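Visitor: One structure is given below, represented as C-alpha coordinates, and several questions about it will come after.
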Amino acid sequence: MEIIWLPLAEKALEDIFAFYEEKSVHVARKVVFDILQATGQLADFPEMAAVEQFL
(Lines of atoms letter the chains of each structure in order from A; the text may use other names.)
(Lines give C-alpha, C1' and ligand atoms only; values in the text may rest on other atoms or scores of the structure.)
Protein backbone atom coordinates (compact mmCIF):
# COMPACT_ATOMS: atom_id res chain seq x y z
CA MET A 5 0.00 0.00 0.00
CA GLU A 6 1.18 3.51 -0.76
CA ILE A 7 0.68 6.37 1.66
CA ILE A 8 -0.32 9.60 -0.05
CA TRP A 9 0.26 12.75 1.99
CA LEU A 10 -2.27 15.49 1.35
CA PRO A 11 -0.88 19.04 1.23
CA LEU A 12 -2.72 19.82 4.48
CA ALA A 13 -1.01 16.87 6.19
CA GLU A 14 2.40 17.92 4.87
CA LYS A 15 1.82 21.44 6.19
CA ALA A 16 0.76 20.04 9.57
CA LEU A 17 3.97 17.99 9.73
CA GLU A 18 6.00 21.12 8.95
CA ASP A 19 4.11 23.02 11.65
CA ILE A 20 4.78 20.25 14.17
CA PHE A 21 8.47 20.39 13.33
CA ALA A 22 8.56 24.18 13.64
CA PHE A 23 6.80 24.05 17.02
CA TYR A 24 9.25 21.55 18.52
CA GLU A 25 12.26 23.10 16.77
CA GLU A 26 11.85 26.21 18.97
CA LYS A 27 12.51 24.01 21.99
CA SER A 28 15.00 21.53 20.52
CA VAL A 29 16.02 20.57 16.99
CA HIS A 30 16.80 17.08 18.23
CA VAL A 31 13.31 16.65 19.67
CA ALA A 32 11.71 18.11 16.52
CA ARG A 33 13.54 15.60 14.34
CA LYS A 34 12.59 12.73 16.67
CA VAL A 35 8.90 13.65 16.68
CA VAL A 36 8.75 13.93 12.89
CA PHE A 37 10.76 10.72 12.50
CA ASP A 38 8.34 8.89 14.80
CA ILE A 39 5.36 10.15 12.80
CA LEU A 40 6.95 9.08 9.52
CA GLN A 41 7.89 5.69 10.96
CA ALA A 42 4.30 5.11 12.14
CA THR A 43 3.12 6.06 8.67
CA GLY A 44 5.48 3.49 7.21
CA GLN A 45 3.98 0.84 9.47
CA LEU A 46 0.56 1.81 8.20
CA ALA A 47 1.76 1.21 4.64
CA ASP A 48 2.87 -2.30 5.62
CA PHE A 49 -0.24 -3.09 7.71
CA PRO A 50 -3.13 -1.01 6.33
CA GLU A 51 -5.73 -2.86 8.41
CA MET A 52 -4.24 -1.50 11.65
CA ALA A 53 -6.08 1.82 11.23
CA ALA A 54 -9.64 2.84 10.56
CA VAL A 55 -10.63 3.79 7.03
CA GLU A 56 -11.66 7.43 6.62
CA GLN A 57 -15.16 7.18 5.17
CA PHE A 58 -15.21 10.68 3.70
CA LEU A 59 -12.08 10.38 1.56
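Taking this note's numbering, the leading residue of the sequence shown gets 5, the next gets one more, and so forth. Each residue gets a CB set at the ideal place from its N, CA and C atoms; glycine is no exception. Computed from a prediction, not measured in an experiment: that's the story for all the values here.
Can you find the residues in the same chain that come closer than 8 Å, C-beta to C-beta, to Ala53, ignoring five residues on each side of it along the sequence?
Guide: Counted from its first residue, the sequence shown places residue 53 at position 49. Closer than 8 Å at Cβ, skipping near neighbours: Leu46.
Visitor: Do you know offhand how far Leu10's Cα is from Ala16's?
Guide: The residue labelled residue 10 in the question sits at position 6 within the sequence shown. The residue labelled residue 16 in the question sits at position 12 within the sequence shown. Straight-line Cα distance between these residues: approximately 10 Å.
Visitor: Is the beta carbon of Phe21 sitting closer than 7 Å to the one on Val31?
Guide: As a position in the sequence shown, residue 21 is number 17, starting the count at 1. As a position in the sequence shown, residue 31 is number 27, starting the count at 1. Going by C-beta atoms, Phe21 is not nearer than 7 Å to Val31.
Visitor: With H, G and I counted as helix, E and B as strand and the rest as coil, what does DSSP make of Ala47?
Guide: Sequence index remark: in the sequence shown, residue 47 carries index 43 (1-based). Helix.
Visitor: When the distance is taken between beta carbons, is Thr43 closer than 7 Å to Ile8?
Guide: For the purposes of this step, residue 8 is taken as the residue at position 4 of the sequence shown. For the purposes of this step, residue 43 is taken as the residue at position 39 of the sequence shown. Their beta carbons are not under 7 Å apart, which means Ile8 does not touch Thr43 by this criterion.
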